[in-house]
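Quick note: the sequence shown uses UniProt numbering, first residue 1, plus one each step.
For glycine and all other residues, C-beta sits at the position ideal for the given N, C-alpha and C.
Heads up, the thing below is written out as structure tokens.
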Amino acid sequence: MDATTTLSTRAWIDRFIAAVERESSELTELDRKAGDGDYGTNLRSALRRTAANLDAEPSESPRAVFTAVSDAFLNTGGTSGPLFGMWFREFAKALGADVTTSALAEAATNAAAVVQRLGKAEVGHKTMVDAMVPAAQALADAADRGVDVHTALAEAARAARAGAASTEQLLARRGRASYVGENARGVVDPGALTVAMFFRAATDEAPA
Ligand code: ADP
Ligand code: MG
Ligand code: MG
Numbered sequence: 001m002d003a004t005t006t007l008s009t010r011a012w013i014d015r016f017i018a019a020v021e022r023e024s025s026e027l028t029e030l031d032r033k034a035g036d037g038d039y040g041t042n043l044r045s046a047l048r049r050t051a052a053n054l055d056a057e058p059s060e061s062p063r064a065v066f067t068a069v070s071d072a073f074l075n076t077g078g079t080s081g082p083l084f085g086m087w088f089r090e091f092a093k094a095l096g097a098d099v100t101t102s103a104l105a106e107a108a109t110n111a112a113a114v115v116q117r118l119g120k121a122e123v124g125h126k127t128m129v130d131a132m133v134p135a136a137q138a139l140a141d142a143a144d145r146g147v148d149v150h151t152a153l154a155e156a157a158r159a160a161r162a163g164a165a166s167t168e169q170l171l172a173r174r175g176r177a178s179y180v181g182e183n184a185r186g187v188v189d190p191g192a193l194t195v196a197m198f199f200r201a202a203t204d205e206a207p208a
């Protein structure tokens, strides 16, 4: 694909929804081992609301698309719903008519900060933050180097994937997984994995 080709946010979200549909039982299984087992259900209902919001939204601007996603998550239960809702809201705020690497970097940086403030989670607490922060750092680094959007998002996807993988050996310090102590060790955090799936869906390239 041409490096300057415009990224369709609508297609990005459609691929994200499809990826979650494929893996929702795995995501729920992770939350069953180190939580209450409703993660995949929560995520799927947020994405069903997202699809309905997008069907009702005539604009395909990044702002309109991410507002539809954010509103859907904010109206979904579980700890993850409102946190993802506030995360996606920063993408709606920062992205203008076109998706650029620097706007993505701004979005992801602000979004990770909002989630950290609301959830009081640091990197290493075994939450979605463990993927959000390295993805934001990768995008900021890509923006500094003037990298095109597709390359930047592929780098963010790799960083988020590595961040999600790093949660496997951690004990949880936040969320329900923190109630199960050692039993959470060996279980990847499903929220972090979802963040990796989201960035991976942007470019639809083979995982690194
Ligand atoms: P619940 O515990 O309410 O059932 P979900 O199953 O909807 O929550 O979501 C669990 C996910 O939420 C975890 O995988 C983790 O990534 C994320 N999470 C939980 N607590 C926090 C927190 N304080 N800060 C950031 N993320 C969190
Ligand atoms: Mg849960
Ligand atoms: Mg729950």
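Residue environment, Asp31, which counts as buried when at least 16 other CB atoms sit within 10 Å: On the sequence shown, residue 31 is found 31 positions in, with the first residue counted as 1. Asp31 is buried by the Cβ-count criterion.
At least 3 beta-carbon pairs within less than 8 angstroms: the stretch 158–170 vs the stretch 123–133: Between the stretch 158–170 and the stretch 123–133 there are three or more inter-stretch CB-CB distances shorter than 8 angstroms, so the stretches are counted as touching.
Same chain, Cβ closer than 7 angstroms to Met1, neighbours up to 5 away in sequence not counted: Position 1 of the sequence shown, counting from 1, holds the residue named residue 1. Note that Met1 scores a pLDDT of 37, beneath 50, so its modelled location is shaky and nothing firm can be said.
Nearest-angstrom Cβ-Cβ length linking Gly77 and Ala177, presumed shorter than 8 angstroms: Residue mapping note: residue 77 aligns to position 77 of the sequence shown, counting from 1. Residue mapping note: residue 177 aligns to position 177 of the sequence shown, counting from 1. 17 angstroms between Cβ atoms; not a contact.
Counted within 10 angstroms of its Cβ, other Cβ atoms place Pro58 as buried (16 or more) or exposed: Numbered from 1 along the sequence shown, position 58 holds the residue referred to as residue 58. Exposed: under 16 other Cβ atoms inside 10 Å.
Contact belief for Leu27 with Thr194 at Cβ below 8 angstroms, rounded distance in angstroms: The sequence position of residue 27 within the sequence shown is 27, counting from 1. The sequence position of residue 194 within the sequence shown is 194, counting from 1. About 7 angstroms separates the CB atoms of Leu27 and Thr194; that is less than 8 angstroms, so the two are in contact.
Through-space distance from Gly181 to residue 214, alpha-carbon basis: Nothing in the structure corresponds to residue 214, since the chain is present only between 1 and 208.
8 angstroms Cβ cutoff met for Gly81 and Asn53: Here the question's residue 81 lines up with position 81 in the sequence shown. Here the question's residue 53 lines up with position 53 in the sequence shown. Going by C-beta atoms, Gly81 is not nearer than 8 angstroms to Asn53.
Reduced DSSP secondary structure (H/G/I, E/B, other) of Arg48: Position 48 of the sequence shown, counted from the start, is the residue given in the question as residue 48. Of the three classes helix, strand and coil, the one that applies to Arg48 here is helix, per DSSP.
Asp189 versus Glu29 - alpha carbon distance: Your numbering for residue 189 matches position 189 in the sequence shown. Your numbering for residue 29 matches position 29 in the sequence shown. Spanning the two alpha carbons is a distance of roughly 11 angstroms.
Contact test: Gly78 Cβ vs ligand 2 heavy atom, cutoff 7 angstroms: Locating residue 78 in the sequence shown gives position 78, where the first residue counts as 1. The beta carbon of Gly78 sits closer than 7 angstroms to at least one heavy atom of ligand 2.
Cα-Cα separation between Val69 and Gln137, rounded to whole angstroms: Here residue 69 corresponds to residue number 69 of the sequence shown, with the count starting at 1. Here residue 137 corresponds to residue number 137 of the sequence shown, with the count starting at 1. Their backbone Cα atoms lie some 23 angstroms apart in a straight line.
Where the alpha helix (DSSP H) through Asp31 begins and ends: Position 31 of the sequence shown, counted from the first residue, corresponds to residue 31. Element bounds for Asp31: Thr9 to Lys33.
Cβ-based neighbour list, Glu168, same chain, cut-off 6 angstroms, excluding 5 preceding and 5 following: For the purposes of this step, residue 168 is taken as the residue at position 168 of the sequence shown. Taken in chain order, the residues that qualify are Val188.
Exposure label - Lys120; buried when at least 16 CB within 10 Å: Mapped onto the sequence shown, residue 120 falls at position 120. Exposed is the call here.
Contact under 8 angstroms by Cβ, Arg10 with Val65: Here residue 10 refers to the residue found at position 10 when the sequence shown is read from its first residue. Here residue 65 refers to the residue found at position 65 when the sequence shown is read from its first residue. Yes, the pair counts as a contact, with Cβ atoms nearer than the cut-off.
Helix, strand or coil at Gln116 according to DSSP, with G and I counted as helix: Within the sequence shown, the letter at position 116 stands for residue 116. Residue state, collapsed to three classes: helix.
Option nearest residue 209 by Cα separation, candidates Tyr39, Arg117 and Ser61: Residue 209 cannot be examined here, being either before or after the span of the chain that is shown, 1 to 208.
Start-to-end residues for the alpha helix (DSSP H) that takes in Met197: Within the sequence shown, the letter at position 197 stands for residue 197. It spans Pro190 to Thr203 - the alpha helix (DSSP H) in which Met197 sits, taken as one unbroken run.
Terminal residues of the alpha helix (DSSP H) in which Glu168 lies: Translated into positions along the sequence shown, residue 168 becomes position 168. Annotation: Glu168 is outside any alpha helix (DSSP H) and is labelled neither H nor E by DSSP.
7 angstroms CB neighbourhood of Arg44 in its chain, flanking five on each side removed: The count along the sequence shown starts at 1 and reaches residue 44 at position 44. Contacts found: Val20 and Ser24.
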